[in-house]
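This report concerns only the one structure given below.
Numbering (our numbering), first residue to last: 4 to 620.
What follows is the structure, given as structure tokens:
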């Protein structure tokens, strides 16, 4: 079951397409064994955090004596895994394990069935993972006869706080489909709420939740009048009450293997299933729930061919949807995709060839990047990727080595769709091991670096550079004699041309960005007089006027000199007195006109000073 995805209404084209290049160029890394060598593993499940770093897997492990629900985690994108630990401590067998996880990957919840030793009874249990540690399981269902009860299932909101578990409570000879909700990550549950009563032979339970946990939807298969039928119910009040079950499939056709998805706000739900028409013809059908009403069913697979095991995924906002299934007639995996409310397909995901089984699919948050995995002839796990929402697919690649008995693949996606993680069963010659593989496609990134303005020597400026990846950008200078860079602060040291390089080396998700270089002109500043006494505006009439105070300097600390010029007549009526570092003009007559030229030497930071003042008495 998938959550936070979309639905669509119409199928526009039923032309079988060939697999073609989709532009995806990532690789599946070598798989790793995550279950012990001495124990058989089966029924693996997997979830991924939004960044693809934290992965959680659960499976059924058999040590030769009993089956135990078992879990393991990875916190390094699947490079290494923790040792698998049992989720229960009873001496009976476990079966039917299912898994849901939070967006940050720190929380997960697993549901499974425990058979009580020595009695033909079983109970549904739930175990919660918090930061890599599994809590002791809690009972979800009442202890009941084991006859004909299906595996429970579970959904979790992205924040990891709200959980809904769906199970069938045996009430002999029939079942009641029940739901229980939790607001503390599965530590405790509210009392069970009936979803459907008097259910005959239920199976294939599925449940999804909106991002806030207010809207829920459930799907299952049950026998009605001797016909296996797909039914569904929904809740708009966080599981407090459920709608009367609706029949989704044809009442006269045997239907099974439903899968379900919901967009983030819960406004749309889409269900898919397989529907037996006649010998050699099983169709994949879909229906959409919007506004509390199920739209008419839409056929996705080709007429006259046998298709089965549909799985669905798509965008969080409901804009894109992808469905994959196994086609027994053409011996390949096929898909249909929708943009908005319009379906297209089917198209080929795999090349025709050996028989394929149990496909699974996962997609990015925007629904564009999609990966599918499947079982080839019970010997190998294959995969294909799409970067256009399932419209086209890349050539099939192997995710596992070949070995008889390989199968049961499940896949999860990081939000970006540039990382996927899958688990499957692969025998090693002695035991059936659980293996995990990860797909990785490094993303490109670009740097935006704003052009700084010219800078005066000694002054500083803040540099602005960002990467499309959101990763931090490093700023350095290739002209350290001219300028210095500390963090995002630029300081001009000398006049010249300053060169600054912005770089981002990439990380586990992104390729290194191309460096971006900016140049800045660094210029020397202008000196100003900073004398103890301001140069005069007028000369005294027949008296002394200080035109250059003692030890006069500029604001840059340079010593100032002054040159006194004038007409001959003016100079005859003045006496220039230079004494103790200062200059004084004494006037003897009237109508004196002088030019005072102040000078100071340059430094590395400032230009030489030359300032002219004209004064008179």
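Glycine is no exception: its CB is placed at the ideal position from the N, C-alpha and C atoms.
Coarse secondary structure for residue i, derived from DSSP in three states
i           : result
residue 573 : helix
residue 24  : Note that residue 24 scores a pLDDT of 35, beneath 50, so its modelled location is shaky and nothing firm can be said.
residue 331 : coil
residue 547 : strand
residue 485 : coil
residue 361 : strand
residue 601 : strand
residue 669 : Nothing can be reported for residue 669: it is not among the residues displayed for the chain, which extend from 4 to 620.
residue 47  : strand
residue 37  : coil
residue 80  : coil
residue 257 : coil
residue 119 : coil
residue 619 : strand
residue 381 : coil
residue 187 : coil
residue 107 : coil
residue 224 : strand
residue 423 : strand
residue 336 : strand
Residue i to residue j span [Cα, whole Å]
i           : j           : result
residue 429 : residue 380 : 13 Å
residue 614 : residue 559 : 15 Å
residue 274 : residue 470 : 40 Å
residue 500 : residue 483 : 11 Å
residue 287 : residue 154 : 23 Å
residue 283 : residue 258 : 15 Å
residue 424 : residue 290 : 29 Å
residue 62  : residue 33  : 20 Å
residue 266 : residue 171 : 25 Å
residue 445 : residue 378 : 26 Å
residue 14  : residue 345 : With a pLDDT of 34 at residue 14, under the threshold of 50, the modelled position of that residue is not reliable, and no figure is offered here.
residue 406 : residue 102 : 26 Å
residue 245 : residue 238 : 5 Å
residue 95  : residue 175 : 22 Å
residue 326 : residue 375 : 10 Å
residue 582 : residue 565 : 12 Å
residue 305 : residue 438 : 34 Å
residue 450 : residue 486 : 22 Å
residue 132 : residue 76  : 9 Å
residue 432 : residue 80  : 28 Å
Residue i vs residue j beta-carbon contact at 9 Å
i           : j           : result
residue 322 : residue 370 : yes
residue 474 : residue 491 : no
residue 598 : residue 616 : yes
residue 261 : residue 222 : yes
residue 576 : residue 593 : yes
residue 336 : residue 359 : yes
residue 621 : residue 30  : The displayed coordinates of the chain run from 4 to 620. Any statement about residue 621 would go beyond what the structure contains.
residue 493 : residue 612 : no
residue 104 : residue 163 : yes
residue 87  : residue 45  : no
residue 534 : residue 563 : yes
residue 243 : residue 183 : no
residue 460 : residue 517 : no
residue 447 : residue 514 : yes
Distance between beta carbons of residue j and residue i, contact taken as under 8 Å
i           : j           : result
residue 523 : residue 457 : 6 Å
residue 311 : residue 329 : 6 Å
residue 272 : residue 292 : 4 Å
residue 332 : residue 309 : 5 Å
residue 596 : residue 569 : 6 Å
residue 554 : residue 509 : No, residue 554 and residue 509 are not in contact; Cβ-Cβ is about 59 Å, not under 8 Å.
residue 98  : residue 142 : Contact flag wrong, Cβ pair sits at about 16 Å.
residue 49  : residue 64  : Between residue 64 and residue 49 the Cβ distance is about 15 Å, and since that is not below 8 Å, they are no contact.
Neighbourhood of residue i by C-beta distance below 8 Å, restricted to the same chain and skipping five residues each side
i           : result
residue 25  : Low confidence applies here, because residue 25 scores a pLDDT of 39, under 50, leaving its location unreliable; read the following figure in that light. Answer for residue 25: 388, 389, 390, 391, 394, 395, 396 and 397, listed in chain order.
residue 240 : 217
residue 22  : Its pLDDT being 35, under 50, residue 22 is placed unreliably by the model, and the measurement read from it follows with that caveat. These residues qualify, in order along the chain: 350, 351, 352, 353, 354, 387, 395, 396, 397, 398 and 399.
residue 280 : 256 and 286
Beta-carbon proximity list for residue i, same chain, < 6 Å, skipping 5 on both sides
i           : result
residue 199 : 180 and 248
residue 78  : 57
residue 130 : 90, 113, 137 and 140
residue 208 : 153, 156, 169 and 223
residue 547 : 587 and 589
Residues near residue i by beta carbon distance below 7 Å, same chain, minus five either side
i           : result
residue 692 : Because the chain spans 4 through 620 in this model, residue 692 falls outside it and cannot be assessed.
residue 604 : 561 and 611
residue 452 : 468, 505, 519 and 521
residue 173 : 147, 148, 150 and 152
residue 177 : 201, 202 and 203
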